[in-house]
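Peer 1: As numbered in our numbering, the sequence shown has no gaps in its residue numbers, which increase by one up to the final residue, 521.
Note that the Cβ used here is the ideal one computed from N, Cα and C, for glycine as well.
Below are the structure tokens for one structure; questions will follow.
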Amino acid sequence: MAESTWYLIAIIIYLFAMLAIGYWSYKQTDEYDDYVLGGRGLHPFVAALSAGASDMSGWLLMGLPGALFLSGMSEIWMAVGLLVGAWANWKWVAPRLRSYSEVAENSITVPSFFENRLGDKSRLLRIIAAVIIIFFFTFYISSGMVSGGRYFESTFNGDYLTGMIIVAAVTVAYTFIGGFLAVSYTDVVQGVLMFLSLMIVPVMALLALDNPMDIFTFASENPYGSNGVVDNPDYFNLVKGVSVGVIVGNLAWGLGYFGQPHIIVRFMALRKPSDARAGRFYGVTWMFLSILGAVFVALVSTVFFTETGNSITDQENFETVFLDLAQVMFHPLPAGLVLTAVLAAIMSTMSSQLLVVSTSLIEDLFKIFAKKHPSQDTLINLSRTMIVAVSLIAAVLAINPSDSILGLVGFAWAGFGSAFGPVVLLSLYWRRLNATGAIAGMITGAVVSLAWGMSPLSDVLYEIVPGFFLALVVTVVVSRMTKAPNEKITSEFDRATKLARIVGDDADASFEEAAAQVDNNPGTARA
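Quick look at the structure:
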């Protein structure tokens, strides 16, 4: 049997499993809130792996190993920044956002939370936030489709466009059918696949080397020969040859976590705020070990491909090193199963983003302008329609990609981190924040990130640094210069803060009972 046939069998099994989860989720979904947020009943393990899988995407298995292989360990600063950022997000944002989003009129999207938290009657804050989500996620989804096309190029030596369409079609199908539950539970399967593959592949390749210890010296002392990359004497040096701006920019990727809608929406879907503690343990542990696996994929590849004489499919960005390594190492059937991990990474992120965009289009734009409140079925069907529409636009952008996977992801990541990150943090921790300041900060973050990222300055410093901090300053200054929030908003802030501390510290505390305690004893509730 041909090698590609084995790969195809493994992938078909995987794709049907994803569709089966989508159908199961469809049977569990009765209301619009279930389709969008799973009824706020997500287990912390599911939330953690879902957030991790939708966050890491093809970057973890393709973008990061390729960057490390090509440029050396100076790229590790990005992984460090992301790990710290993920921990901080689970620690400081997750429990408070879970509590506050329910207190703030049971908000089910990030834009609706901003509006309800700040009492914006103009609807401008919500509309601007929705437009930012739609704009940047279109590029983010496009990066997933690029990953899908390159996946099929490397795995089947097939056509980029055909692979892109297949990956997009299946992802759209199960997201379309099952909504939030389908996205979350398929993410768990995908996260487990990614983790196991990143543990197994580099270990097996390492054992196949004549001298495994070569991985710590080869890249800095020897040419890569047929791979077309010259040796790098500073390969293992974390700082030499790398500017302070590059290091700061890579670490600053961690700032992006606070503003990623497809990640923080998992916090809103947790069963209760105290679940954030378990979610942090599961999520950060998964992420640390997975990043470690990606690092070793790159290290082993520097020796493996030269020693064995095998070539790497992507000779420009080297983003196929993991795919190529798995194909060489294993029998076609287990190799096919391992390769589905890349497909899993791609699809998990795309599905999460498609759902967030479609929800924002309906919940944050359509419902604002609709003359009458649509039925539950109408809202679900409209969300499904938007999933298809957004995927078609992203597919058009992905037909002729002009940037690397990491470049596309970095552009969208910085946009969200700059526009939403400061507003999310200040919404949860600063009583004085008002809608005018939030609007000014969001626009500043989005515009600065976009302009900086499209200019030569992005080669000096990653755009999230100026975007995030300028947005933070503008939000605070404008809030201070304009009218303070009214008593209703500040009272709700105090109530949400007290409630988050009660249910966030006590795993056995009932959210409803804690809310009653705060309402009945506002002066004595534990603060």
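Answer with buried or exposed for residue 311, where buried requires no fewer than 16 other C-beta atoms within 10 angstroms of its C-beta.
Peer 2: Looking at its Cβ environment, which holds 16 or more other Cβ atoms inside 10 Å, residue 311 is buried.
Peer 1: Quick one: any contact between the stretch 313 to 324 and the stretch 189 to 199, if contact means 3 or more CB pairs under 8 Å?
Peer 2: Counting Cβ pairs under 8 Å, three or more are found: they touch.
Peer 1: Nearest to residue 166 by alpha carbon, out of 241, 313 and 383?
Peer 2: Cα-wise, what sits closest to residue 166 is 383.
Peer 1: Within the chosen definition, does the stretch 179 to 196 reach the stretch 335 to 348 through at least 3 CB pairs nearer than 8 Å?
Peer 2: Taking 8 Å as the limit for Cβ pairs, the verdict is that the stretch 335 to 348 does touch the stretch 179 to 196.
Peer 1: So, for residue 157: in the same chain, excluding its five sequence neighbours on each side, which residues have a beta-carbon less than 7 Å away from its beta-carbon?
Peer 2: Excluding positions up to five away in sequence, the list reads 142, 143, 145, 146 and 147.
Peer 1: Taking one C-beta from the stretch 280 to 300 and one from the stretch 117 to 128 each time, how about it: are there three or more such pairs within less than 8 Å?
Peer 2: Cβ pair count under 8 Å is below three, so no.
Peer 1: Where does residue 519 sit, in a helix, a strand or coil, going by DSSP?
Peer 2: Residue confidence for residue 519 is low, a pLDDT of 44 falling below 50, so the modelled location carries little weight; the figure read from the coordinates is stated next. Three-state DSSP puts residue 519 in coil, outside helix and strand.
Peer 1: Excluding the 5 residues preceding and the 5 following residue 341 in the sequence, name in chain order all residues of the same chain whose CB lies nearer than 6 Å to its CB.
Peer 2: Excluding positions up to five away in sequence, the list reads 165.
Peer 1: Between the alpha carbons of residue 307 and residue 65, how many angstroms are there, rounded?
Peer 2: Answer to the nearest angstrom: the Cα atoms are 17 Å apart.
Peer 1: What residue range is occupied by the uninterrupted alpha helix (DSSP H) comprising residue 378?
Peer 2: Its alpha helix (DSSP H) spans residues 370 to 392.
Peer 1: Contact defined as beta carbons within less than 8 Å: I believe residue 175 pairs with residue 19. What is the distance between those atoms, to the nearest angstrom?
Peer 2: About 4 Å; that satisfies the 8 Å criterion.
Peer 1: What is the DSSP secondary structure of residue 427, counted as helix, strand or coil?
Peer 2: In the structure shown, residue 427 sits in coil (DSSP, three-state: anything other than H, G, I, E or B).
Peer 1: Residue 72 to residue 369, Cα distance in whole Å?
Peer 2: Answer to the nearest angstrom: the Cα atoms are 45 Å apart.
Peer 1: In terms of residue numbering, what span does the alpha helix (DSSP H) encompassing residue 347 cover?
Peer 2: Start and end: 326 to 353.
Peer 1: Residue 250 and residue 411 look like a contact to me (Cβ under 8 Å); what is the Cβ gap, rounded to whole Å?
Peer 2: Right, their Cβ atoms sit about 3 Å apart.
Peer 1: Per the contact definition of three or more C-beta pairs closer than 8 Å, is the stretch 455 to 469 in contact with the stretch 409 to 423?
Peer 2: Judged by Cβ distances under 8 Å, the stretch 409 to 423 makes contact with the stretch 455 to 469, as three or more pairs qualify.
Peer 1: Using C-beta distances below 7 Å, list every residue in its chain close to residue 282, excluding the 5 sequence neighbours before and after it, in chain order.
Peer 2: Cβ within range, chain order: 77.
Peer 1: How many Å lie between residue 409 and residue 213 at the Cα?
Peer 2: The alpha-carbon atoms of residue 409 and residue 213 are separated by roughly 34 Å.
Peer 1: Can you check DSSP and say which residues form a bridge with residue 451?
Peer 2: The partner list for residue 451 (beta bridge, DSSP) is empty, contrary to what the question assumes.
Peer 1: Tell me whether residue 232 sits in a helix, a strand or coil according to DSSP, three-state version.
Peer 2: Note: residue 232 maps to coil in three-state DSSP.
Peer 1: Is residue 222 helix, strand or coil when you go by DSSP?
Peer 2: Confidence is the limiting factor: at residue 222 the pLDDT is only 46, short of 50, which leaves the residue's position unreliable and the question unanswerable from this model.
Peer 1: By a C-beta neighbour count over all protein chains shown, 10 Å radius and 16 as the cutoff for buried, is residue 478 buried or exposed?
Peer 2: Label assigned to residue 478: exposed.
Peer 1: Given this structure, state the Cα-to-Cα distance separating residue 102 from residue 481, to the nearest angstrom.
Peer 2: Roughly 24 Å between the two C-alpha positions.
Peer 1: I'd like the list of long-range same chain contacts for residue 162, defined as Cβ closer than 7 Å, with 5 residues on each side in sequence excluded.
Peer 2: Excluding sequence neighbours, residue 162 sits near 139, 142, 385 and 389.
Peer 1: For residue 331, is the classification buried or exposed, using 16 other Cβ atoms within 10 angstroms of its Cβ as the cut-off for buried?
Peer 2: Looking at its Cβ environment, which holds 16 or more other Cβ atoms inside 10 Å, residue 331 is buried.
Peer 1: Would residue 205 be called buried (16 or more neighbouring beta carbons within 10 Å of its own) or exposed?
Peer 2: Residue 205 should be labelled exposed.
Peer 1: Would the beta-carbon of residue 455 fall within 9 Å of that of residue 248?
Peer 2: No.
Peer 1: According to DSSP, is residue 319 helix, strand or coil?
Peer 2: It is helical.
Peer 1: Does the distance from the C-beta atom of residue 357 to that of residue 105 stay below 9 Å?
Peer 2: Contact: yes.
Peer 1: Since I believe residue 419 is in contact with residue 262 (beta carbons under 8 Å), could you give me their beta-carbon distance rounded to a whole number of angstroms?
Peer 2: Rounded, the Cβ-Cβ distance is 16 Å, inconsistent with contact.
Peer 1: Classify residue 339: buried if its beta carbon has 16 or more other beta carbons within 10 angstroms, exposed otherwise.
Peer 2: The residue is buried, with at least 16 neighbouring Cβ atoms inside 10 Å.
Peer 1: Flag residue 442 as yes if its beta-carbon sits less than 9 Å from any beta-carbon of chain C, otherwise no.
Peer 2: Structure shown: chain C not included; a single protein chain is present.
Peer 1: I need the DSSP call for residue 139, collapsed to helix, strand or coil.
Peer 2: Looking at residue 139 - three-state DSSP - the assignment turns out to be helix.
Peer 1: For residue 283, does the three-state DSSP call read helix, strand or coil?
Peer 2: Helix at residue 283.
Peer 1: Would you call residue 207 buried or exposed, if buried means 16 or more other Cβ atoms sit within 10 Å of its Cβ?
Peer 2: Looking at its Cβ environment, which holds fewer than 16 other Cβ atoms inside 10 Å, residue 207 is exposed.
Peer 1: Under a three-way DSSP split, which group does residue 36 fall into?
Peer 2: Three-state DSSP puts residue 36 in a strand.
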